[in-house]
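Working notes, beginning with the structure itself.
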Ligand SMILES: Cc1cc2nc3c(=O)[nH]c(=O)nc-3n(C[C@H](O)[C@H](O)[C@H](O)COP(=O)(O)OP(=O)(O)OC[C@H]3O[C@@H](n4cnc5c(N)ncnc54)[C@H](O)[C@@H]3O)c2cc1C
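In this note's numbering, the protein residues as written are 7 to 377.
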């Protein structure tokens, strides 16, 4: 029987970043991936690193989002040094626009809460917005969030996979893990097809599918998929410098002229088929916001599945079963939360304690709920 020091189930951005961090400790690590690594939500995402735009006043996730953002520049730089792949980490910031006073008031609650914590957020007039982004249609106003950044998640994912391979992480591809094996109290491996693979530590990073991995006698991870549509519009020149967001749509410009247009939030089970209605709605909102996009070529459109827990927070840390860990449920912020998740999980697995307080995110909040 094959055996490893740790098995990571799911080769998305969360699984690969944890495998990479564990490989620093010269552990023998396998990533079990039922398809090809990095081709699900981590590929579908827009790459916004947006603690401020995503924050609700009082959010318990905000400290982790901020801590992860602080790690990003060096995370991307290290990956580039190792692999030569520039994942286009960008710091121009985000423009969060409102269409009327009611929307402004709604945004202000989170803005004020963040300002009290020392986060820089500046309000912009119609003229300021025009100066910052001349291609935007006139708009009553907005907020400039300079501390929200972005990365090209597909490039980052490619770098992460290469880095894992160079560090000796073994990818076992093409067949999914079915179940976590244990003796009642302690993990001893996973079953993949007809085979068992032994390991004293197993981390479930199977994204929206985390709940399909059975743990005999225990409750599965309570994760559901939340579908999001996206479109990539190609332009001869980048029409925007900043990420631009309204409550209807966001536009994420890449350096090569592509603009990512997203996204919807749909309860559609595991259906990833792109549908005409949501795509048309996003295109209309994008053109309304930035009229020049009417001329863009449609480069690509797709839908992906965000992994979501019932309370919308990640599920991170050890379970009640010794040796079984979860790192899933990153929902709308998994790209942002990647460096801190890798740091928390790897330090916990290696030293027995977390490098960051994550009480509200622990799996135990769901473990007592009956099956
Ligand atoms: C449209 C959209 C836009 C988004 N935009 C952003 C954004 O701008 N910023 C941000 O921070 N986040 C964003 N997100 C969220 C982010 O993409 C996710 O939170 C993140 O990618 C989750 O990563 P993951 O590794 O947990 O999941 P995934 O990337 O889905 O990886 C899970 C992996 O597990 C594999 N798997 C499943 N079952 C098994 C099994 N039984 N055995 C083995 N392997 C298995 C899958 O094949 C997959 O490769 C967006 C998501 C979507 C859908």
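All C-beta atoms in this analysis are idealised placements derived from N, C-alpha and C, irrespective of residue type, glycine included.
So is the beta-carbon of residue i under 7 Å away from any non-hydrogen atom of ligand 1?
i: residue 271; result: no
i: residue 171; result: no
i: residue 153; result: no
i: residue 354; result: no
i: residue 100; result: no
i: residue 220; result: no
i: residue 211; result: yes
i: residue 276; result: no
i: residue 18; result: yes
i: residue 215; result: yes
i: residue 43; result: yes
i: residue 252; result: no
i: residue 313; result: yes
i: residue 337; result: yes
i: residue 342; result: yes
How long is the line joining the alpha carbons of residue i and residue j, rounded to whole angstroms?
i: residue 10; j: residue 174; result: 12 Å
i: residue 127; j: residue 247; result: 18 Å
i: residue 90; j: residue 188; result: 41 Å
i: residue 110; j: residue 205; result: 52 Å
i: residue 367; j: residue 81; result: 23 Å
i: residue 284; j: residue 33; result: 45 Å
i: residue 86; j: residue 26; result: 14 Å
i: residue 194; j: residue 35; result: 14 Å
i: residue 92; j: residue 136; result: 30 Å
i: residue 112; j: residue 129; result: 14 Å
i: residue 117; j: residue 289; result: 28 Å
i: residue 68; j: residue 218; result: 29 Å
With 16 as the cutoff for other CB atoms within 10 Å, does residue i come out buried or exposed?
i: residue 376; result: Caution applies to residue 376, whose pLDDT of 38 falls short of 50 and renders its modelled position unreliable; the value that the coordinates give is listed next. That one is exposed.
i: residue 235; result: buried
i: residue 190; result: exposed
i: residue 349; result: buried
i: residue 334; result: buried
i: residue 388; result: Examination of residue 388 is not possible in this model, given that the chain is present from 7 through 377 alone.
What residues match up with residue i in a beta bridge as DSSP calls it?
i: residue 317; result: Answer is none; residue 317 lacks a bridge partner.
i: residue 330; result: 208
i: residue 150; result: 101, 128
i: residue 312; result: 232
i: residue 156; result: 54, 96
Examine ligand 2 and report whether any of its heavy atoms sits within less than 7 Å of the Cβ of residue i.
i: residue 291; result: Of the ligands one can find in the structure shown, namely ligand 1, none is ligand 2.
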